[in-house]
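In the working numbering, the protein residues as written are 96 to 587. The C-beta atom is built at its ideal place from N, Cα and C for all residues, glycine as well. Let me begin by presenting the structure, written as structure tokens, before commenting on it.
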Ligand SMILES: *Cc1c(COP(=O)(O)O)cnc(C)c1O
């Protein structure tokens with residue numbers, strides 16, 4: 096592969112006057128721009144856009160696209176992100192003109208097919224979560240968290256209780272404390288024990304009448320189903336608070352257990368990540384979605400509109416958008432949310448059916464445990480011999496013995512054609528390497544990955560410190576790349 100630095104930017108390839116197409120000469124009198132627009136709306140010079148032929152543009156972007164790693168090209172065990180294969184039939188369904196060509200301002204009578212699908216999607220998510228009501232609007236998991244916390248805030252305002260704290264275990268995703276503060280709460284960290292579960296003593300110490308919500312991820316980010324979940328739910332409810340499930344790890348429990356049933360009382364709210372659990376493509380910054388489900392008493396506060404049906408199911412059923420919801424927190428997203436992702440997820444759920452979804456989770460857990468059993472002998476997994484859908488290994492011993500870090504291992508994997516696992520998360524594990532294989536990988540792929548990881552732990556540390564050696568870019572300064580991206584080199 097050529098070095099990325101040899102790739103010219105479109106601006107550098109530009110030749111004055113070169114065009115992708117030639118329009119015929121204008122056969123009506125030309126209007127000077129000043130006659131069409133007010134003077135202050137006119138630029139003094141044309142914008143400095145690159146001038147290129149069509150093949151130049153196509154080759155430029157296709158070549159860049161092939162420098163990517165994706166689930167369609169490589170094994171992608173990025174822990175916590177559920178990077179499963181995206182079935183192509185879902186793409187076809189979402190691209191059907193009957194969906195893709197709709198305009199959100201069309202009257203509801205002309206959107207019956209789409210509204211029908213969205214309505215059913217709401218009921219499927221209610222069924223899978225064991226909760227009573229659903230809103231599809233939030234644009235991502237993190238946005239679902241924020242929306243649900245606004246719902247909780249509206250509920251406590253209504254019942255006239257001043258609660259300003261949200262409990263968040265320290266193994267949680269960074270979005271949890273961030274959503275809590277954005278919704279106006281104070282995020283209070285609850286410790287994790289060395290076995291990777293919530294520290295019960297610390298939890299009970301911090302639970303009081305100031306707590307509005309416990310946000311909990313279950314199975315948690317080290318891939319363990321919290322054994323005390325029932326007691327925690329009962330305790331939070333006893334103290335008058337609500338329980339929020341971060342549903343990013345639903346891939347481990349579909350059809351096996353429902354958060355709304357846990358401990359007989361169940362959680363009160365949760366989000367789904369359709370782009371993770373239900374195979375929507377993600378990872379390239381594309382749109383996700385973050386539908387939330389809640390218990391009955393919180394339903395009136397959900398964002399408006401929700402999709403409702405005015406008759407029993409069947410031919411005669413009519414669907415419409417309900418805006419008449421006086422206690423609603425209002426809109427959190429334009430139109431109906433990120434419908435494209437929801438359609439793909441709907442298609443995925445329908446394809447698998449209830450039994451199939453359960454098998455998805457069983458196989459995800461089986462694959463993760465198989466890989467765990469192969470990896471733990473050379474990369475210790477501090478928190479257990481069994482896991483749910485993912486596990487967290489540690490490169491701490493490797494670092495101590497050979498000065499090889501989790502980052503070195505992750506970077507070297509790229510040379511062998513594997514996407515790197517998540518590293519340095521969760522913070523509760525030192526030199527964390529978080530692996531989530533998902534159910535879509537074959538035994539051969541899992542074996543090849545385990546063997547490659549082992550081979551890397553045996554390699555010369557010097558080779559690892561400046562890996563990868565075969566990719567277009569090796570080790571960019573990630574902080575600078577995020578803060579000061581070089582987006583174009585315009586000759587000035
Ligand atoms: C991915 C993830 C989130 C955030 O979801 P987005 O859809 O990326 O906003 C929250 N919590 C956990 C545990 C996650 O893995």
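Suppose the cutoff is 7 Å on Cβ atoms and the five residues either side in sequence are ignored; what does the same chain contact list for residue 503 look like? 559, 560 and 562
By DSSP's criteria, residue 309 is part of a beta bridge. Which residues make up the other side? 262 and 338
Where do the N-terminal and C-terminal ends of the alpha helix (DSSP H) with residue 365 fall, by residue? Segment 364-366 is the beta strand (DSSP E) holding residue 365; no alpha helix (DSSP H) there.
Determine which residues share a DSSP beta bridge with residue 612 and list them. Given that the chain is displayed from residue 96 to residue 587, the structure contains no residue 612 and the question cannot be resolved.
Compare the Cα-Cα distances from residue 324 to each of 372, 264, 373 and 376 and report the closest residue. 264
Between the CA atoms of residue 137 and residue 128 - distance to the nearest angstrom: 8 Å
Residue 363 vs residue 401 beta-carbon contact at 9 Å: no
Which residues bound the alpha helix (DSSP H) around residue 252? 236-253
Using a Cβ-based criterion (distance less than 8 Å to any ligand heavy atom), does residue 341 qualify as near ligand 1? yes
Grab me the residues of residue 278's own chain with a C-beta within less than 7 Å of its C-beta, minus the 5 sequence neighbours each way, in chain order. 241, 244, 245 and 248
Does the beta-carbon of residue 270, which I'm using as the reference point, lie nearer than 8 Å to any heavy atom of ligand 1? yes
Exposure label - residue 348; buried when at least 16 CB within 10 Å: buried
Alpha carbons only, please: which of 511, 520 and 513 is nearest the one belonging to residue 485? 520
Uninterrupted alpha helix (DSSP H) stretches inside the stretch 527-568 (no shorter than 4 residues): 538-553 and 556-560
May I ask you to report which of helix, strand or coil DSSP gives residue 218? helix
Just to confirm the assignment, what range does the beta strand (DSSP E) spanning residue 113 have? Unbroken run through residue 113: none, as it is neither H nor E.
Euclidean distance between Cα positions of residue 398 and residue 366: 14 Å
Taking 8 Å as the cut-off, is the beta-carbon of residue 429 closer than that to any non-hydrogen atom of ligand 3? This structure does not include ligand 3; its bound ligands are ligand 1.
Taking the beta strand (DSSP E) that residue 404 falls in, what are its first and last residues? 401-404
Is residue 368 closer than 9 Å to residue 459 when the C-beta atoms are compared? no
Would you call the stretch 427-439 and the stretch 186-205 touching, i.e. three or more CB-CB distances under 8 Å? yes
Less than 8 Å between the CB of residue 240 and some heavy atom of ligand 1, yes or no? yes
Through-space distance from residue 174 to residue 570, alpha-carbon basis: 21 Å
Reduced DSSP secondary structure (H/G/I, E/B, other) of residue 442: helix
Based on DSSP bridge pairs, tell me the residues matched to residue 416. 402
When the Cα atoms are used, what is the spatial distance from residue 169 to residue 534? 15 Å
Classify residue 412 as buried or exposed, calling it buried when 16 or more other Cβ atoms lie within 10 Å of its own Cβ. exposed
Report the start-end ranges of each alpha helix (DSSP H) in the stretch 472-497 that is 4 residues or longer and not cut off at the edges. 491-497
With H, G and I counted as helix, E and B as strand and the rest as coil, what does DSSP make of residue 525? coil
In angstroms with no decimal places, state the Cα-to-Cα distance between residue 101 and residue 159. 12 Å
Examine ligand 1 and report whether any of its heavy atoms sits within less than 8 Å of the Cβ of residue 514. no
Residue 328 (DSSP reduced to helix, strand or coil): helix
Starting from residue 152, trace the alpha helix (DSSP H) in both directions and tell me its first and last residue. 149-160
Below 8 Å on the Cβ atoms is my contact criterion, and I expect residue 318 with residue 482 to pass it. Report the Cβ-Cβ distance as a whole number of Å. 4 Å
Quick check on residue 200: buried or exposed, where buried means 16 or more other Cβ atoms within 10 Å of its Cβ? exposed
Give a yes or no on whether 9 Å exceeds the smallest Cβ distance from residue 361 to chain B. In the displayed structure, chain B is absent; only one protein chain is listed.
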